[in-house]
Amino acid sequence: MKILVIGSGAREHTLVWKLSQSEKVSKIFCAPGNGGISDLAECVNIKAEDIDMLLGFAIKEKIDLTVVGPEAPLVGGIVDKFRQEGLKIFGPGSNAAKLEGSKKFSKDFMAKYQIPTGRYESFDNADGALKGLDEFDYPLVIKADGLAAGKGVVICNSKEEAKIAIKEMIINKKFGEAGNNIIIEEFLSGTEASLLCFVAGNRLIPMESARDYKKAYDGDEGLNTGGMGCFSPNPIFTDDLIATVEDEILNKIETGLKEENLGFSGVLFIGLMITEGGPKVLEFNVRMGDPETEVVIPRLKNDLVEVFESAMDETLEKSDLSWSSKACLCVIAASGGYPINYEKDKVINGINNTHENVIVFHGGTRKHDDELFTNGGRVLAVTYLGNNIDEARKEVYKNIEKISFEKMFYRKDIGEI
Ligand code: AMP
Ligand code: GLY
Numbered sequence: 236m237k238i239l240v241i242g243s244g245a246r247e248h249t250l251v252w253k254l255s256q257s258e259k260v261s262k263i264f265c266a267p268g269n270g271g272i273s274d275l276a277e278c279v280n281i282k283a284e285d286i287d288m289l290l291g292f293a294i295k296e297k298i299d300l301t302v303v304g305p306e307a308p309l310v311g312g313i314v315d316k317f318r319q320e321g322l323k324i325f326g327p328g329s330n331a332a333k334l335e336g337s338k339k340f341s342k343d344f345m346a347k348y349q350i351p352t353g354r355y356e357s358f359d360n361a362d363g364a365l366k367g368l369d370e371f372d373y374p375l376v377i378k379a380d381g382l383a384a385g386k387g388v389v390i391c392n393s394k395e396e397a398k399i400a401i402k403e404m405i406i407n408k409k410f411g412e413a414g415n416n417i418i419i420e421e422f423l424s425g426t427e428a429s430l431l432c433f434v435a436g437n438r439l440i441p442m443e444s445a446r447d448y449k450k451a452y453d454g455d456e457g458l459n460t461g462g463m464g465c466f467s468p469n470p471i472f473t474d475d476l477i478a479t480v481e482d483e484i485l486n487k488i489e490t491g492l493k494e495e496n497l498g499f500s501g502v503l504f505i506g507l508m509i510t511e512g513g514p515k516v517l518e519f520n521v522r523m524g525d526p527e528t529e530v531v532i533p534r535l536k537n538d539l540v541e542v543f544e545s546a547m548d549e550t551l552e553k554s555d556l557s558w559s560s561k562a563c564l565c566v567i568a569a570s571g572g573y574p575i576n577y578e579k580d581k582v583i584n585g586i587n588n589t590h591e592n593v594i595v596f597h598g599g600t601r602k603h604d605d606e607l608f609t610n611g612g613r614v615l616a617v618t619y620l621g622n623n624i625d626e627a628r629k630e631v632y633k634n635i636e637k638i639s640f641e642k643m644f645y646r647k648d649i650g651e652i
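First residue of the sequence shown? That's 236 in this note's numbering, and the numbers climb one at a time after it.
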């Protein structure tokens, strides 16, 4: 089989790494890929958002299966276009991708199917939104409706901050069209947890749980990032919590997918807040998480091609999935200044000095004449599959020290629960 993976992060490197272990696979292409992916796949210089170019490439190369990493092409309708040409692709159509692409759509879906979530109202004009503030206590959360590269959520501690956020989004168009509609939402306190599920038609098949660390610095200080480290399994998912999530959240999502005709084959990533009143949904993503993928996929024992194929045939069952009882942890080595301003093109040293059992998934890297350079904010995901979280954490931290590039930084507290 010839496979095309779309994207360029450590998530995509992990997917390519896992897919390359399948006996069914003869060749993997990755568009656009990165310096680490190029060791396992042929990188193709097409951007993940360039759907027409990707389609032309897949037709020309007779690609048997396309796997989409990031959300933008999914929300942009890549799955519909590939299917129209008879190409197999793993991911939601643009109708279901709205569960991530429009916060209003996803909140309305949650409300309609009584999926526990924060109270909210949506607005398409600044006057209405400013008046709407009176209905909420502080802190409250203001969200741009559309995709905003993870930056469209603002937690406001006062009315002043909320007014600024509303004006920035609706009037100053800080996030462009994505802020034409906004959501004002009740602030939920508790512990966040990520649950990724394979989707087979209208059914959700949960993967092993993970815990992401979103803030840039130790002790959860600093700005929100894409994720600075992760581990799996996440001990917050006790049997009781899993049962509650299945009853109150997963079953209701399945009903909603069916009733709204939104079933698809792909992944639904459910961002949860475990509050005193039980688990509540913060958001849906219609793709694998990054760095969740880096710690969940190494624990999957199945052939990933077979899992994707049975999700697409809608035959995948929870009992088909086999997971390692080991624990996996990764720490992100990032460029100084991330998530705001950071420099690129720094030489990366020392990856070859890490222990052979350490897996270094590449995010923002590029290779030139066999030398490796930084090419993004989240540069490397240093990963270890250990007997338990403690062992995995020790091995990752022992080995990440052997890697260096100018202004490299990483969190020192990943896995210290
Ligand atoms: P979202 O893109 O909706 O997941 O929001 C990004 C991040 O903002 C989440 O991971 C949370 O840390 C935070 N967040 C979003 N909504 C809420 C909420 N209602 N209450 C508290 N924090 C939130
Ligand atoms: N780690 C969070 C995300 O992938 O959205």
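In this text, a Cβ means the ideal position worked out from N, Cα and C, and glycines have one as well.
Would you kindly work out how many angstroms separate the C-alpha atoms of residue i and residue j, rounded to a whole number?
i, j, result
"residue 641", "residue 257", "37 Å"
"residue 345", "residue 606", "48 Å"
"residue 383", "residue 575", "14 Å"
"residue 510", "residue 517", "11 Å"
"residue 240", "residue 362", "44 Å"
"residue 534", "residue 649", "18 Å"
"residue 392", "residue 456", "17 Å"
"residue 643", "residue 321", "45 Å"
"residue 588", "residue 637", "6 Å"
"residue 529", "residue 245", "7 Å"
"residue 676", "residue 238", "Here the chain covers residues 236 to 652 and nothing more, so residue 676 does not appear."
"residue 595", "residue 356", "43 Å"
"residue 461", "residue 305", "12 Å"
"residue 570", "residue 425", "30 Å"
"residue 615", "residue 259", "28 Å"
"residue 300", "residue 413", "31 Å"
"residue 247", "residue 472", "26 Å"
"residue 330", "residue 340", "10 Å"
"residue 586", "residue 261", "27 Å"
"residue 380", "residue 618", "34 Å"
"residue 407", "residue 488", "35 Å"
"residue 622", "residue 633", "16 Å"
"residue 315", "residue 554", "30 Å"
Between the beta-carbon of residue i and the beta-carbon of residue j, is there less than 8 Å?
i, j, result
"residue 387", "residue 378", "yes"
"residue 557", "residue 551", "no"
"residue 504", "residue 524", "yes"
"residue 327", "residue 436", "no"
"residue 416", "residue 372", "no"
"residue 389", "residue 430", "no"
"residue 266", "residue 279", "yes"
"residue 338", "residue 418", "yes"
"residue 452", "residue 613", "no"
"residue 227", "residue 620", "In the structure as shown, the chain starts at 236 and stops at 652, and residue 227 therefore has no counterpart that could be examined."
"residue 276", "residue 242", "no"
Which class does residue i belong to by DSSP, given the choice of helix, strand or coil?
i, result
"residue 516", "strand"
"residue 236", "coil"
"residue 536", "coil"
"residue 504", "strand"
"residue 452", "strand"
"residue 326", "strand"
"residue 619", "strand"
"residue 643", "strand"
"residue 318", "helix"
"residue 422", "coil"
"residue 527", "helix"
"residue 300", "strand"
Within a Cβ cutoff of 8 Å, which residues of the same chain sit near residue i, ignoring the five residues on either side of it in sequence?
i, result
"residue 666", "Past the boundaries of the shown model lies residue 666; the chain is included only from 236 to 652, so the question cannot be answered."
"residue 483", "350, 351, 513 and 514"
"residue 651", "628"
"residue 365", "398 and 401"
Please list, in chain order, all residues of the same chain as residue i whose beta carbon is under 6 Å from its beta carbon, the five residues on each side excluded.
i, result
"residue 543", "325"
"residue 420", "353, 355 and 376"
"residue 539", "253 and 254"
"residue 332", "309, 310 and 521"
Identify, in the order they occur along the chain, each residue of the same chain with its Cβ nearer than 7 Å to the Cβ of residue i, setting aside the five sequence neighbours on each side.
i, result
"residue 273", "602"
"residue 531", "431, 442, 443, 445 and 467"
"residue 447", "429, 462, 465, 524, 526 and 527"
"residue 469", "428, 444, 445 and 446"
"residue 317", "290, 293, 301 and 324"
"residue 591", "none"
"residue 403", "409"
"residue 498", "436, 437 and 492"
"residue 370", "356"
"residue 561", "534, 620, 621 and 622"
Does any C-beta atom of chain D lie closer than 8 Å to the C-beta of residue i?
i, result
"residue 594", "Although the question refers to chain D, the structure presented lacks it and comprises just one protein chain."
Item to complete: For the segment 241-271, list the beta strand (DSSP E) runs that are entirely contained and at least 3 residues long, ordered along the chain.
Response: 262-267
Practice prompt. Jot down the residue ranges of each uninterrupted alpha helix (DSSP H) in the segment 539-605, minimum 4 residues, whole runs only, in chain order.
Written response: 539-547
Worksheet item: Which ranges would you report for the beta strand (DSSP E) in the segment 373-417 if only whole runs of at least 3 residues count?
Response: 375-379 and 388-391
Fill in: Complete runs of the beta strand (DSSP E) confined to the segment 329-355 [at least 3 residues]
none
Fill in: Continuous alpha helix (DSSP H) assignments of at least 4 residues falling wholly in the segment 432-486
474-480
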